[in-house]
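I have placed the structure first, in the form of structure tokens, so that the comments after it can refer back to it.
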Amino acid sequence: MNSSTYPAAQHVMVLYTGGTIGMQASANGLAPASGFEARMRDYLHSQPDLVVPQWRFREMSPLIDSANMSPVYWQQLREAVVDAVDVQGCDSVLILHGTDTLAYSAAAMSFQLLGLQARVCFTGSMLPAGVTDSDAWENLGGALVALGKGLAPGVHLYFHGEQLDPTHCAKVRSFGRHPFKRLERQGGGVKAASLPAQLSYNQPRQLAKVAVLPLFPGIGAEQLNGVLNSGIQGLVLECYGSGTGPSDNPEFLAALSRARDNDVVVVAVTQCHEGGVELDVYEAGSRLRGAGVLSGGGMTREAAFGKLHGLLGAGLDNAEVRRLIELDLCGELT
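So this note's numbering is basically just the index in the sequence shown, starting at one, shifted up by 79.
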């Protein structure tokens, strides 16, 4: 959508989680560092032609390398966003985050902040601020400018001049200025007519236990049971192609059926960068459906993982979680 159709940000809360953007050298290599607010102010003061909204700064604790991101930290992040908007009166939030798990966090917040009328924008950098050829100030300044021009309510990902939908993108490169890419996934999902009150951004959340398991040639019930028996409530099953798996393995299918009977929600997504899951196309997919596996359609791994956390953490009953998984909540299936 054209950002000019939305009101410009007036008061932005910057939430600094750590990540490469603010890292400094340590004895063991680059590590998250405090003091980024002063560096940010110095940079913006040195750029008088850069028009950005008023902003304030909050340093999250602890500061982390995003390789250490977790659902526990997501709860802190969600609470910080809600506090910034509902208590401190900010109309927008800019989250500075490491790139390795940025797509996971942005997708997760898309489902944990449903109904929020403020704008939440994630950005970060591939090189720390201040080093040669760093993209840090380019991304931070660009994200602030984008908020100042007006973004739609909801969660966004900004990187190197591009505004990306968090529920459709992934980190696809470990180098360069374009680490994130929109994956061309199948759309056409049916939009949920309404959402349960428990999914509203201002409702309490519980921690959910969700895992991801990619299929590979030779995978059997032993590996699947190892994951299913670890106490998880949900599983993202990364299938081949349009949603196929080892359908001629009765023990594998039996393990999936037991998972369904034990209220473990299993969602199939494709390992492919393009397309999506259609479980009824091949027998190898329809047998998964028969064992209780749900179709993730064109959802990315990150979106499916975040959606399961959002639904299971809201305390919905199993039948409602299974119903909503296959409906579009915030653009993840469009």
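Virtual Cβ for every residue (Gly too), placed ideally from N, Cα, C.
This structure is a prediction, so every number in the text was calculated from the model and none was measured.
Do the CB positions of P247 and N218 come within less than 8 Å of each other?
-> The residue you call residue 247 lines up with position 168 of the sequence shown. The residue you call residue 218 lines up with position 139 of the sequence shown. Residue 247 is actually His in this sequence, not Pro. Against a cut-off of 8 Å, the Cβ pair of N218 and H247 comes out as no contact.
Which class does E116 belong to by DSSP, given the choice of helix, strand or coil?
-> For the purposes of this step, residue 116 is identified with residue 37 of the sequence shown, where counting begins at 1. E116 falls in the helix class under three-state DSSP.
Does the segment 101-115 come close enough to the segment 154-172 that 3 or more CB-CB pairs lie under 8 Å?
-> no
Taking all protein chains shown into account, decide if S253 is buried (16 or more other Cβ within 10 angstroms of its Cβ) or exposed.
-> Counting from one through the sequence shown, the residue named residue 253 turns up at place 174. Exposed, since its Cβ has fewer than 16 Cβ neighbours within 10 Å.
Applying the criterion that 16 or more other CB atoms from any shown protein chain within 10 Å of the CB defines a buried residue, is V91 buried or exposed?
-> Within the sequence shown, the letter at position 12 stands for residue 91. Classification of V91: buried, given that the 10 Å Cβ count is 16 or more.
Consult DSSP for R135 and reduce its assignment to one of helix, strand or coil.
-> Along the sequence shown, read from residue 1 onward, the residue named residue 135 stands at position 56. R135 falls in the strand class under three-state DSSP.
According to DSSP, residues forming a beta bridge with Y95 | By 1-based counting over the sequence shown, the position of residue 95 is 16. BP columns for Y95 point to E138 and L175.
G389 to E317 span [Cα, whole Å] = Stepping through the sequence shown from its first residue, residue 389 is reached at position 310. Stepping through the sequence shown from its first residue, residue 317 is reached at position 238. Those two C-alpha atoms are separated by around 19 Å.
May I have the straight-line CA-CA distance separating D244 from I100, to the nearest angstrom?
-> In the sequence shown, residue 244 corresponds to position 165, counting from 1. In the sequence shown, residue 100 corresponds to position 21, counting from 1. Cα to Cα, the separation comes out at about 21 Å.
Going by the C-beta, is A182 closer than 7 Å to any heavy atom of the ligand SAH?
-> This structure does not include the ligand SAH; it has no bound ligands of any sort.
Okay, do the segment 258-278 and the segment 121-135 touch, 3+ Cβ pairs below 8 Å being the bar?
-> no
Skipping 5 residues on each side, what residues in its chain have a beta carbon closer than 7 Å to that of K288?
-> By 1-based counting over the sequence shown, the position of residue 288 is 209. Around K288: G310, I311 and Q312.
Within this structure, are the beta carbons of L307 and V343 separated by less than 8 Å?
-> Along the sequence shown, one-based indexing puts residue 307 at 228. Along the sequence shown, one-based indexing puts residue 343 at 264. Yes, the Cβ-Cβ distance between L307 and V343 is below 8 Å.
The alpha helix (DSSP H) enclosing F190, as first and last residue numbers | Your numbering for residue 190 matches position 111 in the sequence shown. It spans L181 to Q191 - the alpha helix (DSSP H) in which F190 sits, taken as one unbroken run.
Outcome for T96 when other beta-carbon atoms lying within 10 angstroms are tallied against a minimum of 16 = Mapped onto the sequence shown, residue 96 falls at position 17. Its Cβ being crowded by 16 or more others within 10 Å, T96 is buried.
When the Cα of G375 is compared with those of G355, G392, E138 and L367, which residue comes out closest?
-> Looking up residue 375 in the sequence shown gives position 296. G375 has its Cα closest to that of G355, out of G355, G392, E138 and L367.
In angstroms, rounded to a whole number, what distance separates the CA positions of P325 and I143?
-> Position 246 of the sequence shown, counted from the first residue, corresponds to residue 325. Position 64 of the sequence shown, counted from the first residue, corresponds to residue 143. Roughly 39 Å separates the two Cα atoms.
Going by DSSP, what residues sit across from V291 in a beta bridge?
-> For this step, residue 291 is matched to residue 212 along the sequence shown. Looking at the DSSP assignment, V291 forms a beta bridge with V315.
What residue from L206, V199, V166 and G220 has the CA that sits closest to D121's CA?
-> Along the sequence shown, read from residue 1 onward, the residue named residue 121 stands at position 42. Comparing Cα positions, the closest option is G220.
Which of helix, strand or coil DSSP assigns to V143 = Indexing the sequence shown from 1 puts residue 143 at position 64. Checking the sequence shown, residue 143 turns out to be Ile, not Val. Reduced to three states, the DSSP call for I143 is strand.
Work out the CA separation of V234 and L262 for me, nearest whole Å.
-> As a working mapping, residue 262 is identified with position 183 in the sequence shown. As a working mapping, residue 234 is identified with position 155 in the sequence shown. Looking at the two C-alpha atoms, the distance is approximately 17 Å.
I174 at chain D interface by Cβ criterion, 8 Å = Absent here is chain D; the protein component of the structure consists of one chain.
Since Q103 is in the alpha helix (DSSP H), which residue starts that stretch and which ends it?
-> Here residue 103 corresponds to residue number 24 of the sequence shown, with the count starting at 1. Unbroken run through Q103 is the beta strand (DSSP E), Q103 to S105; no alpha helix (DSSP H).
Of the residues T178, Q196, L236 and I298, the one placed nearest G255, counting alpha carbons only | Position 176 of the sequence shown, counting from 1, holds the residue named residue 255. Nearest C-alpha to G255: T178.
Spatially closest choice to Q167 from L173, A159 and I174, by CA coordinates | Residue mapping note: residue 167 aligns to position 88 of the sequence shown, counting from 1. Comparing Cα-Cα distances from Q167 to each of L173, A159 and I174, the minimum goes to A159.
On the three-state DSSP scale, how would you describe T84?
-> Position 5 of the sequence shown, counted from the start, is the residue given in the question as residue 84. Three-state result, T84: helix.
Which of the three DSSP states, helix, strand or coil, is assigned to E357?
-> The count along the sequence shown starts at 1 and reaches residue 357 at position 278. Coil, per DSSP.
Just confirm the distance between the C-beta atoms of R198 and S171, as a whole number of angstroms; I'd bet it's less than 8 Å.
-> For the purposes of this step, residue 198 is identified with residue 119 of the sequence shown, where counting begins at 1. For the purposes of this step, residue 171 is identified with residue 92 of the sequence shown, where counting begins at 1. With a Cβ gap of about 4 Å, R198 and S171 count as contacting.
Spatial neighbours of V151 in its chain, beta-carbon cut-off 6 Å, leaving aside the 5 residues before and after = Taking the sequence shown and counting its residues from 1, one reaches residue 151 at position 72. Hits under 6 Å: none found.
Own chain partners of A370 with C-beta closer than 6 Å, once the 5 adjacent residues on each side are dropped | As a working note, residue 370 is residue 291 in the sequence shown. Counting only Cβ-Cβ distances below 6 Å, and skipping sequence neighbours, we find L332, L335 and S336.
Mind checking whether N281 and D396 have CB atoms under 8 Å apart?
-> Taking the first residue of the sequence shown as position 1, residue 281 is located at position 202. Taking the first residue of the sequence shown as position 1, residue 396 is located at position 317. Cβ atoms of N281 and D396: not closer than 8 Å.
Neighbourhood of L286 by C-beta distance below 8 Å, restricted to the same chain and skipping five residues each side = As a position in the sequence shown, residue 286 is number 207, starting the count at 1. Excluding positions up to five away in sequence, the list reads P150, V151, Q154 and G392.
Based on Cα-Cα distance, which residue from W134, V161, H176 and D359 lies nearest to L206?
-> Along the sequence shown, read from residue 1 onward, the residue named residue 206 stands at position 127. Ranking W134, V161, H176 and D359 by Cα distance to L206 puts H176 first.
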